[in-house]
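Residue numbers (the numbering used here): 5 to 180. To keep things clear, I will list the structure first and then write my remarks on it.
Okay, here's the thing in structure tokens:
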């Protein structure tokens, strides 16, 4: 059998599995970002994010089940994050999972914690929550005639707004 010239980083006969560590989360901050600075001047920003998963409640309705994640953002991205985000802000984060391990000083037990090391973040909220997102605002005459977030809060199916006059309505189970 001819060799291909490729070098295998593991011993022959052993099993090697490639690893992939990426996570993308969108949710709301559970607390204001906590900013620290390392001795070398690098910003270290810690925050928490709550992500809801919509599940049937067993009675024909839906309920949101939250999951909570701790995040850390380094450098200029973290500095910007701390300036623009606050508790309740909606954001989308992308990063990787990291597990910290230590031994509890009082009990001597091994402890661990998984956090998201954020590589990139973006605004996820609309203009209503004060985040803007850097887009130019449209004049009311140029704005599209779509229902806004406040139109979906009443529980009944919203109808289209404006001079369209088509009376179109949206079903209660719209997936967006």
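Just so it is clear, CB atoms sit at the ideal spot from N, CA and C, and this is done for glycine as well. Remember, it's a predicted structure, so these values are computed and weren't measured experimentally.
The Cβ-Cβ distance between residue 55 and residue 89 does not fall below 8 Å.
If you check the CB distance, residue 85 and residue 49 come in under 8 Å. The Cβ atoms of residue 117 and residue 34 do not sit closer than 8 Å to each other. Nearest in C-alpha terms to residue 99, of all of 53, 114, 125, is 125.
Three or more pairs of CB atoms, one per stretch, sit closer than 8 Å, so the segment 107-122 contacts the segment 69-81. When 105, 114, 103, 93 are compared, the shortest CA-CA separation from residue 51 is found for 93. Cα atoms of residue 40 and residue 80: separation of roughly 12 Å, rounded to the nearest angstrom. Shown here for residue 101: same chain residues with a beta carbon closer than 7 Å to its own, the five before and five after excluded, namely 25, 27, 118, 120 in chain order.
Look at residue 24 here: in three-state DSSP terms it is coil, with no helix or strand label. For residue 51, the enclosing beta strand (DSSP E) covers residues 47-60. Distance between residue 83 and residue 37, taken at the CA atoms: about 10 Å.
By the neighbour-count criterion, in which 16 or more other beta carbons inside 10 Å mark a residue as buried, residue 44 falls on the exposed side.
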